[in-house]
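Straight run, no breaks: the sequence shown in full-length UniProt numbering ends on number 254.
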Amino acid sequence: MSGRVSGLVALVTGAASGIGLATSRHLLKSGAKVGAIDISTNLKSTCDTLGKEFGSSNIAYLPCDVSDDDALKSAFKETKEQFGSLDIVVNNAGIFDEDNWGKLLKVNLQSVISGTYNAMELMSPDKGGVIVNTSSIAGLRPGTHLFCPAYSAAKSGIIAFTKAMKNNLELRGIKIRINSICPAGVETPLVLEAAKLFYSMPQPIIDAVTASSSTEVMKPEFIAEGIMELITDASKNGAILMAEPDKGFTYVEE
Ligand SMILES: NC(=O)c1ccc[n+]([C@@H]2O[C@H](COP(=O)([O-])OP(=O)(O)OC[C@H]3O[C@@H](n4cnc5c(N)ncnc54)[C@H](O)[C@@H]3O)[C@@H](O)[C@H]2O)c1
């Protein structure tokens with residue numbers, strides 16, 4: 001799968017807000033159909049709004065908790081049943097809840113792994129497909145994200161899984177590309193949760209993080225553009241794309 005997304009079927013988790021919503025909108029604008037997965041009660045109104053803009057038959061409303069493997073699998077199957085195929089998956093849903101780190105690992109990492117296996121089961125062996133997993137700069141630079149070690153671990157795990165799975169798929173001759181996006185701060189409700197925790201930290205931690213990271217934030221629409229590049233550029237496989245407010249997009253080598 002490469003090039004245009006028009007006529008293709010995508011599934012996006014965390015589609016009710018932030019990066020997932022911006023990506024769903026981008027995909028719909030480019031002519032794809034979208035299975036929109038989220039746990040938020042806002043998902044219904046989001047789907048109604050997107051339906052009015054891009055055609056209600058092009059969006060599937062799929063309320064689901066991504067940390068529930070069975071429910072997630074059903075939502076993946078529902079997308080394929082409704083639209084006839086599954087070509088693009090964006091495993092994006094996430095939380096910032098360092099206290100509830102068990103739940104955080106399930107939502108932020110386990111669901112990316114189960115979402116990838118669901119995609120492998122449902123994507124056409126002939127046509128193939130593409131998966132994009134939303135990691136974070138915290139996954140690339142866990143040492144500088146010392147205020148959120150569990151979040152960083154989950155996001156590092158996504159990068160490791162993406163790289164290992166790329167080689168796994170390639171060596172088995174499976175025509176699915178898999179990439180990951182690693183944004184720094186993005187203007188969404190999640191970053192407000194992160195800021196709340198950050199500013200409650202002891203001063204030495206605040207000082208250390210401030211010295212090593214920018215407090216500027218990017219728009220979710222900007223991150224969606226990076227995700228679209230990872231979807232449409234057939235040369236990108238196993239790619240880890242970092243997004244920073246001052247430097248823009250950078251592909252991270254080994
Ligand atoms: N905002 C940032 O600064 C930033 C930076 C790097 C990476 N990210 C990552 O980007 C992704 C999207 O986050 P965002 O910034 O757009 O935040 P957001 O809060 O705007 O969106 C996250 C969405 O995930 C949904 N979600 C949460 N738990 C869920 C569950 N159990 N099942 C289904 N849906 C669930 C939420 O309801 C929400 O709609 C996350 O994986 C996040 O870790 C965010």
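Glycine included, C-beta positions come from ideal geometry on N, C-alpha and C. Only a predicted model underlies this, so the values are computations on that prediction, with no experimental measurement involved.
(request) Report the option in A138, D65, Y251 and S56 whose CA atom is closest to the CA atom of E229. (result) Y251
(message) Suppose the cutoff is 6 Å on Cβ atoms and the five residues either side in sequence are ignored; what does the same chain contact list for F54 look like?
(response) L28
(request) Would you tell me roughly how many angstroms separate the C-alpha atoms of A243 and S152, rounded to the nearest one? (result) 16 Å
(request) Could you please give the first and the last residue of the uninterrupted beta strand (DSSP E) stretch that includes P189? (result) It is not in any beta strand (DSSP E) - P189 instead sits in the alpha helix (DSSP H) that spans P189 to Y199.
(request) Enumerate in chain order the residues of its own chain whose CB-to-CB distance from G185 is below 6 Å, with the five nearest sequence positions on each side excluded. (result) V191 and V217
(request) Note down the Cα distance separating G115 from A208, rounded to an integer number of angstroms. (result) 35 Å
(request) Answer with buried or exposed for I205, where buried requires no fewer than 16 other C-beta atoms within 10 angstroms of its C-beta. (result) exposed
(request) Taking all protein chains shown into account, decide if P220 is buried (16 or more other Cβ within 10 angstroms of its Cβ) or exposed. (result) buried
(message) With DSSP as the reference, identify every bridge partner of I223, one or two as the case may be.
(response) In the DSSP output, where bridge partners are listed per residue, I223 has none listed.
(request) State yes or no: is the C-beta of M120 within less than 8 Å of the C-beta of I158? (result) no
(request) Confirm the yes/no value for this check: CB of P204, any heavy atom of ligand 1, distance under 7 Å. (result) no
(request) Specify, as a first and last residue, the run of the beta strand (DSSP E) that F249 falls within. (result) G248 to Y251
(request) Spell out a yes or no on whether the region 79-90 and the region 9-27 are touching, meaning 3 or more CB-CB pairs, one atom from each, closer than 8 Å. (result) yes
(request) For F161, I'd like the list of residues in its chain whose CB is within less than 7 Å of its CB, leaving aside the five on either flank, ordered along the chain. (result) V112 and I113
(request) Would you be able to state if there are at least three C-beta pairs under 8 Å between the region 68-82 and the region 42-56? (result) no
(message) Our contact map puts L86 next to L122 with C-beta atoms below 8 Å; I'd like the distance itself, whole angstroms only.
(response) 4 Å
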